[in-house]
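In this note's numbering, the protein residues as written are 958 to 1044.
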């Protein structure tokens, strides 16, 4: 979260939610089977190193931006009002 906080010039906190909180928050946004799949995938990834590929560079023909660069480029998106949800 420090990359986003640095781009905004303030500290950002992160609060992890329980699977039940995620289910409640996600109610009506996706079928239960999708929520179950997401929770299972996230649970399986806990404690595992990220799988890194060259796909972004292969597609773009250049090195990808770092999270810090991306956050700085999109800082306004974190301060603007609510966005209209797209289907």
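All C-beta atoms, glycine included, are put in the ideal place defined by N, C-alpha and C.
Note that the structure is a prediction, hence the values are computed from the model and not measured.
Exercise. In its own chain, which residues sit with a C-beta less than 7 Å from the C-beta of residue 983, not counting the 5 before and 5 after it?
Worked result: 992
Problem set entry | C-alpha gap between residue 976 and residue 1004, whole angstroms | 17 Å
Problem set entry | Sequence-distant residues of the same chain with beta carbon closer than 8 Å to residue 1030, five excluded per side | 1022
Exercise. Ordered along the chain, which non-local residues of its own chain (more than five positions away) have a Cβ less than 6 Å from that of residue 1044?
Worked result: Note that residue 1044 scores a pLDDT of 47, beneath 50, so its modelled location is shaky and nothing firm can be said.
For this session: Could you tell me how far apart the beta carbons of residue 960 and residue 1017 are, in whole angstroms, since I believe they sit closer than 8 Å?
Result: So it is not a contact: roughly 20 Å between Cβ atoms.
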